[in-house]
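Colleague:
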């Protein structure tokens, strides 16, 4: 079987290199219902429109952790997961229903820590109208 | 309503949860995963894994599947008792030590490490750290969750 995932050659990575954009969606009610079940996140703001509206939201909206899972896919389609050392995001805006989530990343630093060669990535997700929804950093091992 | 700062330092009881292969496949399907390592055992083995690995954010789902009693954000009896309608996920961090695999029985322990406010108390922030340890006693993944509580 030919894998649909082709990892980058980390030996040749340089500051400024970009990860391939990873676009997922649009998010519909089914996407959110399935993710609620699969991720154990049953917070009704994401799956029950009546509850979301009663809480003052226009409608259900995407789980922050769904966008973070898409960011994880961007990284793990680029390098094997074992290379991922640590990463963090801030949740900056809500992902509304019907949004397409676009994940982007870029190498910002190559450095050595404890004898291990590492790269720092700036990562983030955006929705169609260019609102940034998540932003953060990841550290990956190069060797 | 200010959150009682005495919750800072509270450590949850340890909770056990099984990492189910079917749930990992469901997670892959629900997220539109195309990398077969996350849903096909043969592909996982070909990539050097003993079986299907848990994806990077999965400790968050394990924690939701085995919520703490002591220190739980929502639990008004044993925990902090925040209204679910007032919360937002503020920040999320993961740090990896070794992989989590389908079939692992994980033990989770959660510590409330900080509670602070901004904007004169209009926003409060609860920081919790969770460690996931496998049945061999090895620390696999740590995560930090910052939950934002909107007051007013």
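Chains as they are written, first to last, in the working numbering: chain A, 1 to 143; chain B, 1001 to 1152.
Just so it is clear, CB atoms sit at the ideal spot from N, CA and C, and this is done for glycine as well.
Since this is a predicted model, take the numbers as computed values, not measurements.
What does residue 1030/B reach in chain A if we use C-beta pairs closer than 8 angstroms?
Modeller: Here the neighbours are 31, 34, 35, 37, 38, 39.
Colleague: Please name the residues in the stretch 63-90 of chain A whose beta-carbon is closer than 9 angstroms to at least one beta-carbon of chain B, in chain order.
Modeller: From the stretch 63-90 of chain A, only 63, 64, 65, 66, 68, 69, 70, 71, 72, 73, 75, 76, 77, 80, 81, 82, 84, 85, 86, 87, 88, 89, 90 have a Cβ closer than 9 angstroms to chain B.
Colleague: For residue 1148/B, which residues in the same chain have their Cβ closer than 7 angstroms to its Cβ, ignoring the five residues on either side in sequence?
Modeller: Correct list, in chain order: 1087, 1088, 1090, 1123, 1125.
Colleague: Please state the DSSP three-state secondary structure of residue 1084/B.
Modeller: Correct three-state label for residue 1084/B: helix.
Colleague: For a contact meaning CB atoms closer than 8 angstroms, what does residue 3/A contact in chain B?
Modeller: Correct list: 1035, 1036, 1043.
Colleague: For residue 1032/B and residue 24/A, I'd like the C-alpha separation in whole angstroms.
Modeller: So the alpha carbons of these two residues sit roughly 8 angstroms apart.
Colleague: Are the C-beta atoms of residue 43/A and some chain B residue less than 8 angstroms apart?
Modeller: True, the Cβ-Cβ gap to chain B drops below 8 angstroms.
Colleague: Any chance the CB of residue 62/A is under 7 angstroms from a heavy atom of the ligand GTP?
Modeller: Absent from the structure shown: the ligand GTP. Ligands present: none.
Colleague: Checking the sheet assignment: what are the DSSP bridge partners for residue 1143/B?
Modeller: Per DSSP, 1094/B, 1130/B.
Colleague: Indicate whether residue 99/A and residue 27/A have their beta-carbon atoms separated by less than 8 angstroms.
Modeller: It is a contact, given that the beta carbons lie within the stated cut-off.
Colleague: Scan the stretch 8-58 of chain A and note each continuous alpha helix (DSSP H) run of 4 residues or more that stays entirely inside, going in chain order.
Modeller: You should have 29-39, 49-54.
Colleague: Rounded to whole angstroms, what is the Cα-Cα separation between residue 61/A and residue 1133/B?
Modeller: C-alpha separation (whole angstroms): 32 angstroms.
Colleague: Considering only DSSP beta bridges, list what residue 132/A is partnered with.
Modeller: Its beta-bridge partners are 126/A.
Colleague: With residue 152/A as the anchor, note down where its alpha helix (DSSP H) starts and where it stops.
Modeller: Within the shown structure, residues of chain A are numbered from 1 to 143, placing residue 152/A beyond reach of any answer.
Colleague: I'd like the span of the beta strand (DSSP E) that includes residue 1118/B, first residue to last.
Modeller: Looking at the DSSP string, the run of the beta strand (DSSP E) that includes residue 1118/B is 1105-1118.
Colleague: Between the Cα of residue 101/A and those of 12/A, 6/A, 21/A, spot the shortest distance and give me the residue it belongs to.
Modeller: The residue with the shortest Cα to Cα distance from residue 101/A is 21/A.
Colleague: For residue 47/A, count neighbouring Cβ atoms within 10 angstroms of its own Cβ and tell me buried if that reaches 16, exposed if not.
Modeller: Counting Cβ neighbours within 10 Å, residue 47/A comes out buried, since at least 16 surround it.
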